[in-house]
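Engineer: Please read through the structure below; I'll follow up with questions.
4 protein chains.
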Amino acid sequence: MVNYLGEYKVIIPGAADFRIKDPELYAQYYGEAHPVPEKLGDWVYGNPELHREQLVGAARIACAGCFATSVILALYPLLKLGVVMGKDIIATGLVGSSAAGASSSDASHHPEREGSLRVYKPVGHRHTAEAIQELPGSFPLHLTAIATPRVRGILTTAHVWVPDGYSERDVWSAYREVYGDEPFIRIVKVGKGIHRYPDPKLLDGTNFCDIGFEMDNDTGRVVVMSAIDNLVKGTAGHAVQSLNIAQGWDERMGLEFAGLHPA
Amino acid sequence: MVNYLGEYKVIIPGAADFRIKDPELYAQYYGEAHPVPEKLGDWVYGNPELHREQLVGAARIACAGCFATSVILALYPLLKLGVVMGKDIIATGLVGSSAAGASSSDASHHPEREGSLRVYKPVGHRHTAEAIQELPGSFPLHLTAIATPRVRGILTTAHVWVPDGYSERDVWSAYREVYGDEPFIRIVKVGKGIHRYPDPKLLDGTNFCDIGFEMDNDTGRVVVMSAIDNLVKGTAGHAVQSLNIAQGWDERMGLEFAGLHPA
Amino acid sequence: MVNYLGEYKVIIPGAADFRIKDPELYAQYYGEAHPVPEKLGDWVYGNPELHREQLVGAARIACAGCFATSVILALYPLLKLGVVMGKDIIATGLVGSSAAGASSSDASHHPEREGSLRVYKPVGHRHTAEAIQELPGSFPLHLTAIATPRVRGILTTAHVWVPDGYSERDVWSAYREVYGDEPFIRIVKVGKGIHRYPDPKLLDGTNFCDIGFEMDNDTGRVVVMSAIDNLVKGTAGHAVQSLNIAQGWDERMGLEFAGLHPA
Amino acid sequence: MVNYLGEYKVIIPGAADFRIKDPELYAQYYGEAHPVPEKLGDWVYGNPELHREQLVGAARIACAGCFATSVILALYPLLKLGVVMGKDIIATGLVGSSAAGASSSDASHHPEREGSLRVYKPVGHRHTAEAIQELPGSFPLHLTAIATPRVRGILTTAHVWVPDGYSERDVWSAYREVYGDEPFIRIVKVGKGIHRYPDPKLLDGTNFCDIGFEMDNDTGRVVVMSAIDNLVKGTAGHAVQSLNIAQGWDERMGLEFAGLHPA
Chain A
1 MVNYLGEYKV
11 IIPGAADFRI
21 KDPELYAQYY
31 GEAHPVPEKL
41 GDWVYGNPEL
51 HREQLVGAAR
61 IACAGCFATS
71 VILALYPLLK
81 LGVVMGKDII
91 ATGLVGSSAA
101 GASSSDASHH
111 PEREGSLRVY
121 KPVGHRHTAE
131 AIQELPGSFP
141 LHLTAIATPR
151 VRGILTTAHV
161 WVPDGYSERD
171 VWSAYREVYG
181 DEPFIRIVKV
191 GKGIHRYPDP
201 KLLDGTNFCD
211 IGFEMDNDTG
221 RVVVMSAIDN
231 LVKGTAGHAV
241 QSLNIAQGWD
251 ERMGLEFAGL
261 HPA
Chain B
264 MVNYLGEYKV
274 IIPGAADFRI
284 KDPELYAQYY
294 GEAHPVPEKL
304 GDWVYGNPEL
314 HREQLVGAAR
324 IACAGCFATS
334 VILALYPLLK
344 LGVVMGKDII
354 ATGLVGSSAA
364 GASSSDASHH
374 PEREGSLRVY
384 KPVGHRHTAE
394 AIQELPGSFP
404 LHLTAIATPR
414 VRGILTTAHV
424 WVPDGYSERD
434 VWSAYREVYG
444 DEPFIRIVKV
454 GKGIHRYPDP
464 KLLDGTNFCD
474 IGFEMDNDTG
484 RVVVMSAIDN
494 LVKGTAGHAV
504 QSLNIAQGWD
514 ERMGLEFAGL
524 HPA
Chain C
527 MVNYLGEYKV
537 IIPGAADFRI
547 KDPELYAQYY
557 GEAHPVPEKL
567 GDWVYGNPEL
577 HREQLVGAAR
587 IACAGCFATS
597 VILALYPLLK
607 LGVVMGKDII
617 ATGLVGSSAA
627 GASSSDASHH
637 PEREGSLRVY
647 KPVGHRHTAE
657 AIQELPGSFP
667 LHLTAIATPR
677 VRGILTTAHV
687 WVPDGYSERD
697 VWSAYREVYG
707 DEPFIRIVKV
717 GKGIHRYPDP
727 KLLDGTNFCD
737 IGFEMDNDTG
747 RVVVMSAIDN
757 LVKGTAGHAV
767 QSLNIAQGWD
777 ERMGLEFAGL
787 HPA
Chain D
790 MVNYLGEYKV
800 IIPGAADFRI
810 KDPELYAQYY
820 GEAHPVPEKL
830 GDWVYGNPEL
840 HREQLVGAAR
850 IACAGCFATS
860 VILALYPLLK
870 LGVVMGKDII
880 ATGLVGSSAA
890 GASSSDASHH
900 PEREGSLRVY
910 KPVGHRHTAE
920 AIQELPGSFP
930 LHLTAIATPR
940 VRGILTTAHV
950 WVPDGYSERD
960 VWSAYREVYG
970 DEPFIRIVKV
980 GKGIHRYPDP
990 KLLDGTNFCD
1000 IGFEMDNDTG
1010 RVVVMSAIDN
1020 LVKGTAGHAV
1030 QSLNIAQGWD
1040 ERMGLEFAGL
1050 HPA
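Okay, structure coming up:
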């Protein structure tokens, strides 16, 4: 566990130790009691889009998880604006092999892993705790994670329902309203061509979270899609952006890479 | 459209023309009225697991769609046994590039397509009509299709809720009861190791539909997973199996390939 | 090392212990003296195309190596017919990740291995010894092996020079003459289209060795290409074919799989 | 063909029109006479490592080809220093799908192209002309190009022979002497670990040419390996670097991207 008592001026662990504020929620998803629950309140959750103000001057930043980030950023605007109906929310994350870490294993052996599409966490994913904590409102949220043949990247699809009369244009306005000034969030929704929706293929090495959506007018279901590079926006880049804000620097510093295409 | 008046003894089109029995359902998902609605009743839907008896002697077999097959086979036992609660069902299909057909396009151009994770049909997928028609009961069903870097294969995850007291062991019994004698359905659910759940990587060239599931005991959510090779069980193999049954032959004939590993 | 004294009626090791007949050649490429050099003569080299007659009734068959097989089968006809000039022969093998074995390692970790093009044996590949032993004539032969992103398969290109006046048609005749009746060798050379030359992509799971060639008329250089599935023709399938011959069975038995396309 | 008479101050075409200075060499590899042979002498070949001095102030820069670049940079030091024996030189280039251009075709259709290892130009590759022109000395040079499953990147292996007494340390010195100050050439040769030799996987988006080598002490054969991103060092990045030199700017400007790992 991170040395939360250390003398360092700023600590931004990549690990999950201090992301969750509620010891009970922590215990539910991590399977054991938190060893120093009285310290949980000292940390700011390292998600700039939700906590920019608290991050200013922060010295203890609990860097957000990658899958959690893709779920939270996908759903935050609609939940913040209170337009989501109370149905269960299903979010499915498609992740690359780098999400399993840098150590080799039987599961990561190339002949086994290449070309694989495997559900690896159908229920009980720990990042659910972060999403429950950070997303406004109270609702049942279910996360499922599937391994794909990519190395980097997460594509998350989440399904929510909006009330009668709420249009896709309203959805668009909601995302614009909440994310309009965000330097690393892009709304990707194009009527034609190949790149109509977010695709992590375009994001390797970047700090962007691309978000798209599509509405089923017959049912009010909105499918929200978000794509990130889990090794940047999901982890290291997220930490850098949070640090930049904490220190009063340009939050884009060190995160300028715009990506490669094709790649 | 298939020459449904033809003199051929047996017709098994791969196309979707005669899969749907209800002209209104057809129109809803295909965007136009069916040209010969009076002929729709002449066809048996080519899914051996659901219609083996009707297939015996059948001369007009409407071969099932691939994504529809993965959804139907995943959900059929629980719906047939009436243990699914009335919540919306979300099914997500991860498909390979062969699903888009044999013709090249900008979207299938290798530099664009390789490594891509793209939602290509978030709402309104036509195969929804087949799943609605074939699955027992009445409930809201939502399909979302996502392109993955594989060439062959579909992995579908579907989320349903079962009543209090219904256990994972009961789920297992349900699949055993309904599919116990099926030659091409395998329950894949292992506690340890790499291959705990279905993976289309293991199914290239085979007629198997591998089915797994996992239950969230806290919420009663069951995540059902099904994997097929869309070019076999989803289409051609499905047709061969249906023909074998129609003609009274061994239904496994021509479908013996057991797959490669690793591949 | 294989129990060469064992009581088994037939022994066909997949390992390399008894492939080389000359102890000095063995020592040169394996870096140590052979422990039982007096036993080397007891074994037939398990390559049906070169040793079909010796394999009949054989009880000790040293199964050929995969890269060696692709090199030997590519070059054998031209060398047997004595039409290759005395220049150095360069053969380059592009192999998949399964060639490195079933155990995971840092090098086989998917994030590291996927998409990689790495020379892993530029000089001194052990299979050179098999190729030198089996190919007719005396000439300098150099093998280089490169890891590619595939799981299965080897594509080998080899460069030889033929005398003035020897035409591409003559090359074709040479391969027809030597391999015309071979059940698992196919000459792949088409003027148009995608599949003009051998490609291991088409061979997963099959026992075929596809061979193609192209001649540079200005210089007399012939580029010979061979493709195999290293897990079949290179190893297990090769052993099965050799056993079939040894036992007097149909040599194609158990090797009927014709491959998948696309895959 | 490029408007070579245009009023533009600087012209750096990506096309091959003015790369070759000798009309006969052009005709040999391009299959037709050059339309304006009298203009060929106006152009500087856009390879900074070989022509940095001529590039200063240049207004007509014929940007080098990608495969040619990988061959030229691999072989230049040894040929410049005159230590290569007169044997035929074989160079094999493994290229990604982006090398075939941005237009879709049957050959680039993902189900066909993915996982493919296909020789697409066994003999007569046009870039041979560039390599013959640019490399010092006179010797037979043979290029073979093979398509691999990557999107970007070229890995080239070339085989040359050095005289008795010339050691691998001497090879190392040769590359140091010629490329020691080059900002975009790195010698990659490590005794242990995964990344012992150049691999285009590490170079996506960068302007680096990584070069490695290995010597067969028994025969004096040196296998030289070079890796580039064909869409940067091979084309656009090469042009930018040449322009920077031509204009007297820092030649690294706009080419700072250091690459991603893993990717």
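Protein chains in written order, with our numbering: chain A, 1 to 263; chain B, 264 to 526; chain C, 527 to 789; chain D, 790 to 1052.
Note that CB positions come from ideal geometry on N, CA and C, so glycine has one too.
In chain order, what residues of the same chain have a beta carbon less than 6 Å from the beta carbon of G679 (chain C), not counting five sequence neighbours either side?
Structural biologist: For the purposes of this step, residue 679 (chain C) is identified with residue 153 of the third sequence, where counting begins at 1. Excluding residues within five positions, the ones whose Cβ falls inside 6 Å are G622, P726 and D755.
Engineer: Would you give the residue range spanned by the beta strand (DSSP E) that K343 (chain B) belongs to?
Structural biologist: As a working mapping, residue 343 (chain B) is identified with position 80 in the second sequence. First-last for K343 (chain B): C329 to K343, but that is the alpha helix (DSSP H), not the beta strand (DSSP E).
Engineer: If we cut at 9 Å on Cβ distances, does W435 (chain B) have a partner in chain A?
Structural biologist: Numbered from its first residue, the second sequence carries residue 435 (chain B) at position 172. No - not a single Cβ of chain A is within 9 Å of the one on W435 (chain B).
Engineer: Leaving out five residues before and five after L814 (chain D) in sequence, what residues of the same chain have Cβ atoms less than 7 Å from its Cβ?
Structural biologist: Residue 814 (chain D) sits at position 25 when you count from the first residue of the fourth sequence. The answer, listed in chain order, is A918, I921 and Q922.
Engineer: Is the beta carbon of L338 (chain B) closer than 9 Å to that of V347 (chain B)?
Structural biologist: Looking up residue 347 (chain B) in the second sequence gives position 84. Looking up residue 338 (chain B) in the second sequence gives position 75. Yes, the Cβ-Cβ distance between V347 (chain B) and L338 (chain B) is below 9 Å.
Engineer: My output table needs one value for R841 (chain D): the three-state DSSP class, helix, strand or coil.
Structural biologist: The sequence position of residue 841 (chain D) within the fourth sequence is 52, counting from 1. Three-state result, R841 (chain D): helix.
Engineer: Which residue spans inside the stretch 982-1047 of chain D form an unbroken alpha helix (DSSP H) run of at least 4?
Structural biologist: 1026-1036, all fully within the stretch 982-1047 of chain D.
Engineer: From the DSSP output, read off the bridge partner residues of H109 (chain A).
Structural biologist: Residue numbering aside, residue 109 (chain A) sits at position 109 when the first sequence is read from its first letter. Answer by DSSP bridge pairing, in chain order: C:H635.
Engineer: Of all the options B:P300, B:R449, B:R432 and B:C329, which has the alpha carbon lying nearest to the alpha carbon of T419 (chain B)?
Structural biologist: Taking the first residue of the second sequence as position 1, residue 419 (chain B) is located at position 156. Measuring from the Cα of T419 (chain B), the nearest candidate turns out to be B:C329.
Engineer: Counting contacts by CB-CB distance shorter than 9 Å, is S98 (chain A) in contact with chain D?
Structural biologist: Counting from 1 along the first sequence, the entry for residue 98 (chain A) is found at position 98. With 9 Å as the cut-off, S98 (chain A) counts as an interface residue toward chain D.
Engineer: Please classify W687 (chain C) as buried or exposed, where buried requires at least 16 neighbouring CB atoms within 10 angstroms.
Structural biologist: One-based indexing of the third sequence puts residue 687 (chain C) at position 161. Per the 10 Å Cβ criterion, buried.
Engineer: Based on the DSSP output, what are the partners of V36 (chain A) in its beta bridges?
Structural biologist: Stepping through the first sequence from its first residue, residue 36 (chain A) is reached at position 36. Bridge partners of V36 (chain A): none, in fact.
Engineer: Look at the alpha carbon of V570 (chain C) and the alpha carbon of D776 (chain C), and state the distance between them as a whole number of angstroms.
Structural biologist: For the purposes of this step, residue 570 (chain C) is taken as residue 44 along the third sequence, with counting starting at 1. For the purposes of this step, residue 776 (chain C) is taken as residue 250 along the third sequence, with counting starting at 1. Whole-angstrom Cα-Cα distance: 19 Å.
Engineer: Quick one: which chain B residues come within Cβ less than 9 Å of D22 (chain A)?
Structural biologist: The residue given as residue 22 (chain A) occupies position 22 in the first sequence. Near D22 (chain A) there are no residues of chain B at all, since even the closest Cβ is about 16 Å away, more than 9 Å.
Engineer: With a threshold of 9 Å between beta carbons, is T235 (chain A) in contact with chain B?
Structural biologist: The residue given as residue 235 (chain A) occupies position 235 in the first sequence. For T235 (chain A), the answer is no, since every Cβ of chain B falls outside 9 Å of its Cβ.
Engineer: Which residue or residues does DSSP assign as beta-bridge partners of L523 (chain B)?
Structural biologist: Within the second sequence, residue 523 (chain B) is the residue found at index 260, counting from 1. DSSP output for L523 (chain B) lists no bridge partner at all.
Engineer: Under the assumption that G254 (chain A) contacts T206 (chain A) (Cβ atoms under 8 Å), give the Cβ distance between them as a whole number of angstroms.
Structural biologist: The residue labelled residue 254 (chain A) in the question sits at position 254 within the first sequence. The residue labelled residue 206 (chain A) in the question sits at position 206 within the first sequence. G254 (chain A) to T206 (chain A), Cβ: 12 Å. No contact.
Engineer: Tell me the DSSP secondary structure of I801 (chain D) in three-state form.
Structural biologist: The residue you call residue 801 (chain D) lines up with position 12 of the fourth sequence. Note: I801 (chain D) maps to coil in three-state DSSP.
Engineer: At what residue ranges does the stretch 117-167 of chain A contain a whole run of the alpha helix (DSSP H), taking only runs of 4 or more?
Structural biologist: Whole alpha helix (DSSP H) segments, 4+ residues: 127-134.
Engineer: With 16 as the cutoff for other CB atoms within 10 Å, does R432 (chain B) come out buried or exposed?
Structural biologist: The residue you call residue 432 (chain B) lines up with position 169 of the second sequence. Looking at its Cβ environment, which holds fewer than 16 other Cβ atoms inside 10 Å, R432 (chain B) is exposed.
Engineer: Can you round the beta-carbon distance between I61 (chain A) and G46 (chain A) to whole angstroms, since I take them to be within the 8 Å contact cut?
Structural biologist: In the first sequence, counting from the first residue as 1, residue 61 (chain A) sits at position 61. In the first sequence, counting from the first residue as 1, residue 46 (chain A) sits at position 46. Right, their Cβ atoms sit about 4 Å apart.
Engineer: Which of the three DSSP states, helix, strand or coil, is assigned to V44 (chain A)?
Structural biologist: In the first sequence, residue 44 (chain A) corresponds to position 44, counting from 1. Correct three-state label for V44 (chain A): strand.
Engineer: Ordered along the chain, which non-local residues of its own chain (more than five positions away) have a Cβ less than 8 Å from that of V171 (chain A)?
Structural biologist: Residue mapping note: residue 171 (chain A) aligns to position 171 of the first sequence, counting from 1. Same-chain partners within the cutoff: L78, V162, F213, M215 and V222.
Engineer: Between F544 (chain C) and S768 (chain C), what straight-line distance do the alpha-carbon atoms span, to the nearest angstrom?
Structural biologist: Against the third sequence, residue 544 (chain C) aligns to sequence position 18. Against the third sequence, residue 768 (chain C) aligns to sequence position 242. One C-alpha to the other measures close to 15 Å.
Engineer: Just mark P837 (chain D) as buried or exposed, buried being the case when its beta carbon has 16 or more other beta carbons within 10 Å.
Structural biologist: Counted from its first residue, the fourth sequence places residue 837 (chain D) at position 48. Flag for P837 (chain D) reads buried.
Engineer: Measuring only the C-alpha atoms, how far is V716 (chain C) from Y723 (chain C)?
Structural biologist: Position 190 of the third sequence, counting from 1, holds the residue named residue 716 (chain C). Position 197 of the third sequence, counting from 1, holds the residue named residue 723 (chain C). Between V716 (chain C) and Y723 (chain C), the C-alpha separation is close to 7 Å.
Engineer: With DSSP as the reference, identify every bridge partner of R849 (chain D), one or two as the case may be.
Structural biologist: Position 60 of the fourth sequence, counted from the start, is the residue given in the question as residue 849 (chain D). Partner(s): D:I800.
Engineer: What residues of chain D sit near P374 (chain B), judged by a beta carbon separation below 7 Å?
Structural biologist: In the second sequence, counting from the first residue as 1, residue 374 (chain B) sits at position 111. Among the residues of chain D, those whose CB is under 7 Å from the CB of P374 (chain B) are S886, S887 and V940, following chain order.
Engineer: If you drop the 5 nearest sequence neighbours on each side, which residues of the same chain put their C-beta closer than 8 Å to that of A526 (chain B)?
Structural biologist: As a working mapping, residue 526 (chain B) is identified with position 263 in the second sequence. Result list for A526 (chain B): K464, L465 and D467, in chain order.
Engineer: Classify A626 (chain C) as helix, strand or coil using the three-state DSSP reduction.
Structural biologist: As a first step, residue 626 (chain C) is located in the third sequence; it is residue number 100 there, counting from the start. In this structure, A626 (chain C) counts as helix in the three-state DSSP scheme.
Engineer: According to the neighbour-count rule (16 or more other Cβ atoms, all chains shown, within 10 Å of its Cβ), is T1008 (chain D) buried or exposed?
Structural biologist: The residue labelled residue 1008 (chain D) in the question sits at position 219 within the fourth sequence. Classification for T1008 (chain D): exposed.
Engineer: Determine, for P802 (chain D), whether the minimum Cβ-Cβ distance to residues of chain A falls below 9 Å.
Structural biologist: Looking up residue 802 (chain D) in the fourth sequence gives position 13. Closer than 9 Å: no.
Engineer: Is R186 (chain A) helix, strand or coil when you go by DSSP?
Structural biologist: Position 186 of the first sequence, counted from the first residue, corresponds to residue 186 (chain A). DSSP places R186 (chain A) in strand when its eight states are reduced to three.
Engineer: Please list the partners that D42 (chain A) has in chain D, where partner means a Cβ-to-Cβ separation under 9 Å.
Structural biologist: Taking the first residue of the first sequence as 1, we reach residue 42 (chain A) at position 42. Annotation: D42 (chain A) has no Cβ neighbours in chain D at a cutoff of 9 Å; minimum Cβ distance is about 34 Å.
Engineer: Counting contacts by CB-CB distance shorter than 9 Å, is E923 (chain D) in contact with chain B?
Structural biologist: For this step, residue 923 (chain D) is matched to residue 134 along the fourth sequence. Taking Cβ atoms only, chain B never reaches closer than 9 Å to E923 (chain D), which makes this a no.
Engineer: Closer than 7 Å by beta-carbon distance: list the chain C residues that pair up with D106 (chain A), in chain order.
Structural biologist: Position 106 of the first sequence, counting from 1, holds the residue named residue 106 (chain A). Chain C residues near D106 (chain A): S630.
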